[in-house]
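Report on the structure given below.
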Ligand SMILES: Cc1cc2nc3c(=O)[nH]c(=O)nc-3n(C[C@H](O)[C@H](O)[C@H](O)COP(=O)(O)O)c2cc1C
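Residue numbers (my numbering): 2 to 315.
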């Protein structure tokens, strides 16, 4: 048989894009999470999910994740019914990933899959704060857990309910989004962190203070899920030359407001701010000055503002 000539474009081949392209037509690095939801009998169901990413990260009233999910899964049904879930991030131990693959096998009921589960389930923060309400439990072995609530109003998905089959029309990005698919925008209520990693976030990371996070490459070769174990992280400093000149800061600061002015020393404290953020930062300083009846921002006021920002970040 004559071999088909494969065309190359500057050293690349054009690959056909098929369903589940992230694992069938590419190599896409993904997290490994176990999503806890409440079954109809109130038991916590764990399902394995890698397509779970940050969605609203700033500039909204809340922070959110997006989950891409088969709509006939226990997880999708439970989120449609109760709106609550826990996203549990597991480390790269082989026995944990083996368990993730077991909990990722479709078609089992909560009772069947949870009977021999190796993870220990405990109450999260929401359960402690609302003793009368039921919440999905969290995995004791996880290094971090997001406790979440589905934002069902987005994309008009508030009337979506569990069905045997889902007929069109479908939503664009929240609720039932296709015959077999669902997307859930999940508001993050709490981020719970194991103390070692809590400390490293508060006090600053070093290569030994990261959790052992696996990278999942999904289901390939019709047989296996593939993943890599964690390796020592590498720190790459930002380029030094990218700071802006004092003159640039002084010029922008002088044009910010007719009443509020900045001293040169105050401006000198902003030379490390990337150019694209300079106006936003200066506007923030002016807003603070107006609130506090200040008309001249000196080094001292700048320190107060920076202190306030650091506290807010924490
Ligand atoms: C590591 C891993 C990652 C997975 N990621 C997803 C995913 O992101 N979305 C999805 O719909 N299914 C995913 N699956 C398949 C689901 O886990 C599978 O449909 C399972 O039946 C869900 O459990 P549940 O019915 O209890 O929700 C994944 C499976 C594994 C093993």
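By construction, the Cβ of each residue, glycine as well, lies at the ideal position given by its N, Cα and C atoms.
Closer than 7 Å by C-beta to residue i: which residues in its own chain qualify, once you throw out the five before and the five after it? Chain order, please.
| i | result |
| --- | --- |
| residue 81 | 161, 162, 163 |
| residue 221 | 24, 227 |
| residue 57 | 63, 64, 65 |
| residue 155 | 175, 186 |
| residue 293 | none |
Quick one: residues in its chain with C-beta nearer than 6 Å to the C-beta of residue i, no 5 flanking neighbours on either side, listed in chain order?
| i | result |
| --- | --- |
| residue 303 | 267, 270 |
| residue 274 | 282 |
| residue 306 | 286, 289 |
Pull up the CB-CB distance for residue i and residue j, whole angstroms please, since I reckon it's below 8 Å.
| i | j | result |
| --- | --- | --- |
| residue 45 | residue 101 | Contact doesn't hold; Cβ gap of about 16 Å is too wide. |
| residue 184 | residue 174 | 5 Å |
| residue 138 | residue 152 | The Cβ separation is near 22 Å, so there is no contact. |
| residue 212 | residue 234 | At roughly 10 Å, the Cβ-Cβ gap does not stay under 8 Å, so residue 212 and residue 234 are not in contact. |
Measure the alpha-carbon distance for residue i versus residue j and round it to whole angstroms.
| i | j | result |
| --- | --- | --- |
| residue 279 | residue 250 | 8 Å |
| residue 216 | residue 95 | 12 Å |
| residue 240 | residue 195 | 33 Å |
| residue 54 | residue 15 | 27 Å |
| residue 203 | residue 22 | 38 Å |
| residue 115 | residue 313 | 40 Å |
| residue 43 | residue 236 | 44 Å |
| residue 229 | residue 93 | 8 Å |
| residue 48 | residue 140 | 12 Å |
| residue 309 | residue 13 | 50 Å |
| residue 31 | residue 165 | 30 Å |
| residue 231 | residue 214 | 5 Å |
| residue 132 | residue 79 | 20 Å |
| residue 258 | residue 191 | 38 Å |
| residue 248 | residue 200 | 39 Å |
| residue 97 | residue 5 | 43 Å |
For residue i, collect the residues of the same chain with a Cβ closer than 8 Å to its Cβ; drop the 5 residues on either side in sequence, then sort them by chain order.
| i | result |
| --- | --- |
| residue 264 | 297, 298, 299, 300 |
| residue 189 | 63, 64, 65, 66, 147, 148, 149 |
| residue 136 | 39, 85, 87, 124, 125, 127, 128, 148 |
| residue 172 | 156, 157, 158, 161, 178, 184 |
| residue 26 | 16, 17, 18, 19 |
Could you tell me whether any Cβ in chain C is nearer than 9 Å to the Cβ of residue i?
| i | result |
| --- | --- |
| residue 180 | Annotation note: the requested chain C is absent from the structure, which comprises a single protein chain. |
Verify the contact flag: residue i, CB atom, against every heavy atom of ligand 1, threshold strictly below 8 Å.
| i | result |
| --- | --- |
| residue 109 | yes |
| residue 295 | no |
| residue 114 | yes |
| residue 187 | no |
| residue 316 | Only positions 2 to 315 of the chain appear in the structure, and residue 316 is not among them; the question remains open. |
| residue 104 | yes |
| residue 171 | no |
| residue 48 | yes |
| residue 199 | no |
| residue 92 | no |
Below 8 Å, how does it come out for the region 33-45 and the region 110-123: are there three or more Cβ pairs, yes or no? yes
Do three or more CB pairs link the region 74-91 to the region 140-158 at distances below 8 Å? yes
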